[in-house]
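Counting in the numbering used here, the sequence shown runs from -14 upward without gaps.
Single-structure report; data block below.
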Amino acid sequence: MIPKLPRKLLRWMCRPDLVDEIEGDLSEEFARRRDERGIRYAQWMYWIDVITFARPEILRKSTSNFIHTAMLRNYLVMSFRSMSKKPLFSLINVFGLSSGLACVIVIAGYVLFMLSYDRQYEKPEDIYRVTMQWINDGVQQHSAMAVPTVAGAIAEGLHGVKNVVRVFPYSGLVSKDGIDKVRETRFCYADSGFFKL
């Protein structure tokens, strides 16, 4: 059985004067493949045939909107000739383009990584991390950690705070039953309210 979706796609994209001829040829090919190699193979190849018929010459819209194959070939030949005549200039252009694209990809990856911080929580805009700043010998210093007593002071002294959680990173031997010990490199101690965060 000929699949309906690619047949509809073929009728939609083809010019009306070519639909019957192309559809007849594809039906004959479908029947031949079905007899030789089975229905699955014939259906798969029917899809491929329909997709390969998407050429400017048979499409429903006028071909003036599309780049002709000859024109595209001409552009490629001209660019290869230009690159072979001026190899150093072409190398500089290709290197500049590739390094620019690489920089854009790296910067986009970094920005997406930064924007994804704490997005696993339901309301990440309501979660804050307390850090410390202090001056040591006239030099201002900053740390992403705070002393443990800060949690109690925040819970008692600031209005609107629903939950305070302390997290302490640790790496070392961890044991569940006291016998089997496993070395963990990314392990944290946390308060009991951590999962309510």
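All C-beta atoms in this analysis are idealised placements derived from N, C-alpha and C, irrespective of residue type, glycine included.
{"Check": "Once DSSP output is grouped into helix, strand and coil, what is the label at VAL149?", "Outcome": "coil"}
{"Check": "How would you call VAL124, buried or exposed, if buried means at least 16 neighbouring beta carbons within 10 angstroms?", "Outcome": "exposed"}
{"Check": "Just verifying my parser: in three-state terms, what is the DSSP assignment at SER101?", "Outcome": "coil"}
{"Check": "Taking the C-alpha atoms as reference points, what is the distance between LEU118 and LYS181?", "Outcome": "Residue identity check: residue 118 is Gln in the sequence provided, not Leu. Using only the alpha carbons, I get a separation of about 28 Å."}
{"Check": "Could you check the C-alpha separation between VAL159 and GLU169 for me, to the nearest Å?", "Outcome": "7 Å"}
{"Check": "Please check the pair LEU11 and TYR31, which I expect to be a contact at CB under 8 Å, by giving their CB distance rounded to whole angstroms.", "Outcome": "6 Å"}
{"Check": "What are the boundary residues of the alpha helix (DSSP H) that VAL35 is part of?", "Outcome": "24 to 37"}
{"Check": "Could you give the residue range of the beta strand (DSSP E) that holds LYS166?", "Outcome": "166 to 175"}
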